[in-house]
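One structure below.
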Amino acid sequence: MNQALQLGFRTFINLSSFPVDPRKLGIGRLAPLRGKVMGSKRRSFSNPSSIADQNIDKKLRDAIDNDNYTISDNPILKDIKDDPSKIEAMTIQQLRTALRTAGIPPKGLKRELVSALQSYLAKEIDGESSLLADKQDPSNSDKRISMMMETKSVEDQVQDANCFSKVSEVQQSRRTVKQLQIKGKTVDVNAKIVATEQKKSACASGRMTSLTKKKASSDVDSKYVSAKNRVTLPVNQSEPWTILAHKKPQKGWIAYNPRTMRRSLPIENTKFVKILSWNVNGLRALLKLEGFSAMELAKQENFDVLCLQETKLQEKDVESIKQSLIEGYENSFWTCSNTRLGYSGTAIISRIKPLSVRYGLGISDHDSEGRVVTAEFDSFYLLSVYVPNSGDGLRRLAYRITEWDPSLGNYIKELEKSKPVILTGDLNCAHEEIDIYNPAGNRRSAGFTIEERQSFSTNFLSRGFVDTFRKQNPDVVGYTYWGYRHGARKGNKGWRLDYFLVSEAIADDVHDSFILPDVIGSDHCPIGLVLKL
Numbered sequence: 006m007n008q009a010l011q012l013g014f015r016t017f018i019n020l021s022s023f024p025v026d027p028r029k030l031g032i033g034r035l036a037p038l039r040g041k042v043m044g045s046k047r048r049s050f051s052n053p054s055s056i057a058d059q060n061i062d063k064k065l066r067d068a069i070d071n072d073n074y075t076i077s078d079n080p081i082l083k084d085i086k087d088d089p090s091k092i093e094a095m096t097i098q099q100l101r102t103a104l105r106t107a108g109i110p111p112k113g114l115k116r117e118l119v120s121a122l123q124s125y126l127a128k129e130i131d132g133e134s135s136l137l138a139d140k141q142d143p144s145n146s147d148k149r150i151s152m153m154m155e156t157k158s159v160e161d162q163v164q165d166a167n168c169f170s171k172v173s174e175v176q177q178s179r180r181t182v183k184q185l186q187i188k189g190k191t192v193d194v195n196a197k198i199v200a201t202e203q204k205k206s207a208c209a210s211g212r213m214t215s216l217t218k219k220k221a222s223s224d225v226d227s228k229y230v231s232a233k234n235r236v237t238l239p240v241n242q243s244e245p246w247t248i249l250a251h252k253k254p255q256k257g258w259i260a261y262n263p264r265t266m267r268r269s270l271p272i273e274n275t276k277f278v279k280i281l282s283w284n285v286n287g288l289r290a291l292l293k294l295e296g297f298s299a300m301e302l303a304k305q306e307n308f309d310v311l312c313l314q315e316t317k318l319q320e321k322d323v324e325s326i327k328q329s330l331i332e333g334y335e336n337s338f339w340t341c342s343n344t345r346l347g348y349s350g351t352a353i354i355s356r357i358k359p360l361s362v363r364y365g366l367g368i369s370d371h372d373s374e375g376r377v378v379t380a381e382f383d384s385f386y387l388l389s390v391y392v393p394n395s396g397d398g399l400r401r402l403a404y405r406i407t408e409w410d411p412s413l414g415n416y417i418k419e420l421e422k423s424k425p426v427i428l429t430g431d432l433n434c435a436h437e438e439i440d441i442y443n444p445a446g447n448r449r450s451a452g453f454t455i456e457e458r459q460s461f462s463t464n465f466l467s468r469g470f471v472d473t474f475r476k477q478n479p480d481v482v483g484y485t486y487w488g489y490r491h492g493a494r495k496g497n498k499g500w501r502l503d504y505f506l507v508s509e510a511i512a513d514d515v516h517d518s519f520i521l522p523d524v525i526g527s528d529h530c531p532i533g534l535v536l537k538l
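Using our numbering, the letters of the sequence shown map in sequence onto residues 6 to 538.
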């Protein structure tokens, strides 16, 4: 897996330390400087002095905007400029009058008014010389900002005017973690590292940008992490599925990470079968996709059987697809939609020759869309199924829960009378709240209505079929579908719609039920099952 590290730190500049002469600068001349220092987001602090500083900064910004005023126009300000010690002796009313004259909103307690006036006068006194120096050498302004940053607290130094980050501290902490892991000790991952690495950089221009990705040579290799503790490091933007993304996560939930949660294959001399299932959302488009390699997937996973859904093929396409199959997978069985061309479609591709194959449920009302292929093997039946979506406005919801689901449930129960059943595919239902990123926002969305979820339980789970992934990972958030809009996959805002359901009789023979979130090419990702025979 490609490992990458992306760090970002927001920047901020305290305007109360930025020298400027309100008499000399008009709005037009100030705009470029503002663009440089005000684009960054100001941080909030809980201590009173920091809040006061922020109030002062706001007053000073308002004063800078007032380019029609000079201190010499007002005797009060001219007097206290000559002798600043008089400010402390001024009454609140006098302070407010002076601040109004200077164009600063007179808000706050006396201490804040005094501070505002003192800061303003200090800027006025050195403003002219500072501005002149900056005109002669513009780098002076940046140098002063840099010097001011050095006086800030250690906490504040995390953000500077040039968007640089404390990479060395993070790398040092990472090395410490890795060393502990190599020694076999329990690792408590520093939450500060994770939080820091997930921040996005905010440069002084005010636009959000990403820092150049650095090769994370010191990244903690998850294979060293204790499988018992299931420590995952959601620090890599190339592995968004390792981020626990859920609107309402419950205590104990963790994100699915195949690198640490997938089980090793059974020991030698143990007979098993490995099955993959994938809604490809258009097989022809997938095969043309740059960067996708069916050969690589087969080489990496070495599966025995591959089940496909939503192939979107027509009958005329099947023969050419068969001719292009990878060597060793000569047994393939396809069904296509007859009512809507280029819609739906399922398939089973196998290097093990099945005993028999059948298409559909044997009910004409359900079998015109190419949604079911059943292959019989020595010790089980395997179904590749693409369950109808309830559609926009839930227009097919009634058909789905009163006709399709009961018919499919009856069909697999009938098969089960002769041998166990493995049902896999896109079942178009996120069964529980853990199976969807935003449960509250999708109560009436197709795939998460209470009717569909109850039907899923009634027609499958309650009739003796086991959700293998949930049985193996009761508290794991793992998705198999991400919509194309709003960067859902990048933020791991997904649904678990794809399943391996098996008869109870073979549930304990399931060695592994896993998800392959790193395989791209569709809005779904493949899922897998390893069954001991």
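C-beta: ideal position from N, C-alpha, C; glycine also.
Whether residue i touches residue j by CB criterion (9 Å)
{"i": "Leu-292", "j": "Ala-303", "result": "no"}
{"i": "Val-378", "j": "Thr-340", "result": "yes"}
{"i": "Ala-380", "j": "Ile-417", "result": "no"}
{"i": "Gly-414", "j": "Tyr-504", "result": "no"}
{"i": "Gly-533", "j": "Ile-280", "result": "yes"}
{"i": "Leu-521", "j": "Phe-470", "result": "no"}
{"i": "Asp-523", "j": "Pro-263", "result": "yes"}
{"i": "Asn-274", "j": "Asp-528", "result": "no"}
{"i": "Ser-389", "j": "Ser-282", "result": "yes"}
{"i": "Ser-349", "j": "Gly-375", "result": "yes"}
{"i": "Ser-355", "j": "Asn-336", "result": "yes"}
{"i": "Ile-97", "j": "Leu-118", "result": "yes"}
{"i": "Leu-100", "j": "Pro-110", "result": "no"}
{"i": "Val-515", "j": "Thr-473", "result": "yes"}
{"i": "Lys-252", "j": "Pro-444", "result": "yes"}
{"i": "Ser-373", "j": "Ser-412", "result": "no"}
Alpha carbon of residue i to alpha carbon of residue j, nearest angstrom
{"i": "Glu-93", "j": "Ile-259", "result": "58 Å"}
{"i": "Glu-509", "j": "Arg-475", "result": "14 Å"}
{"i": "Gln-314", "j": "Tyr-391", "result": "6 Å"}
{"i": "Pro-531", "j": "Asp-440", "result": "16 Å"}
{"i": "Gly-452", "j": "Trp-409", "result": "14 Å"}
{"i": "Asp-513", "j": "Tyr-489", "result": "36 Å"}
{"i": "Gly-287", "j": "Asn-464", "result": "28 Å"}
{"i": "Leu-538", "j": "Phe-382", "result": "11 Å"}
{"i": "Arg-468", "j": "Tyr-386", "result": "17 Å"}
{"i": "Asp-322", "j": "Pro-359", "result": "23 Å"}
{"i": "Thr-106", "j": "Gly-492", "result": "51 Å"}
{"i": "Arg-116", "j": "Gly-108", "result": "18 Å"}
{"i": "Val-535", "j": "Gly-446", "result": "34 Å"}
{"i": "Lys-256", "j": "Cys-312", "result": "35 Å"}
{"i": "Met-266", "j": "Tyr-334", "result": "28 Å"}
Buried versus exposed call for residue i [16 or more other C-beta atoms within 10 Å across all chains shown]
{"i": "Ala-121", "result": "buried"}
{"i": "Ser-90", "result": "exposed"}
{"i": "Gly-367", "result": "exposed"}
{"i": "Ala-403", "result": "exposed"}
{"i": "Asn-307", "result": "exposed"}
{"i": "Asp-370", "result": "exposed"}
{"i": "Ala-250", "result": "buried"}
{"i": "Ile-248", "result": "buried"}
{"i": "Lys-317", "result": "buried"}
{"i": "Ile-272", "result": "exposed"}
{"i": "Gly-483", "result": "buried"}
{"i": "Ser-325", "result": "exposed"}
{"i": "Thr-351", "result": "buried"}
First through last residue of the alpha helix (DSSP H) which encompasses residue i
{"i": "Val-323", "result": "320-328"}
{"i": "Asn-415", "result": "410-421"}
{"i": "Ile-353", "result": "Not the alpha helix (DSSP H): Ile-353 falls in the beta strand (DSSP E), residues 351-355."}
{"i": "Glu-273", "result": "Segment: none, Glu-273 is in no alpha helix (DSSP H) and carries neither H nor E."}
{"i": "Leu-346", "result": "Run containing Leu-346: none; DSSP gives neither H nor E here."}
{"i": "Gln-99", "result": "97-107"}
{"i": "Leu-288", "result": "288-293"}
{"i": "Gln-255", "result": "Per DSSP, Gln-255 belongs to no alpha helix (DSSP H) and is neither H nor E."}
{"i": "Thr-265", "result": "263-266"}
Below-9 Å beta-carbon distance, residue i vs any chain B residue
{"i": "Ile-354", "result": "Reference to chain B is not applicable here, since this structure consists of a single protein chain."}
Enclosing beta strand (DSSP E) for residue i [first to last residue]
{"i": "Gly-533", "result": "532-537"}
{"i": "Ile-455", "result": "Premise fails: Ile-455 lies in the alpha helix (DSSP H), 455-464, not in any beta strand (DSSP E)."}
{"i": "Arg-363", "result": "361-364"}
{"i": "Asp-87", "result": "Element bounds for Asp-87: not the beta strand (DSSP E) but the alpha helix (DSSP H), 80-87."}
{"i": "Glu-381", "result": "377-381"}
{"i": "Phe-470", "result": "470-472"}
Heavy atom of the ligand GTP within 8 Å of residue i beta-carbon
{"i": "Glu-438", "result": "For the ligand GTP, the structure offers nothing, since it holds no ligand at all."}
Query raised in the report: Okay, do the stretch 424-443 and the stretch 460-468 touch, 3+ Cβ pairs below 8 Å being the bar?
Result: Between the stretch 424-443 and the stretch 460-468, the count of Cβ pairs shorter than 8 Å is three or higher; the stretches touch.
Query raised in the report: Contact between the stretch 486-500 and the stretch 415-429: three or more CB pairs below 8 Å?
Result: When Cβ pairs closer than 8 Å are counted between the two stretches, the stretch 486-500 is seen not to touch the stretch 415-429, the count staying below three.
Query raised in the report: Using 8 Å as the Cβ pair cut-off and three pairs as the minimum, do the stretch 387-407 and the stretch 477-493 touch?
Result: At 8 Å Cβ cutoff, the stretches do not touch.
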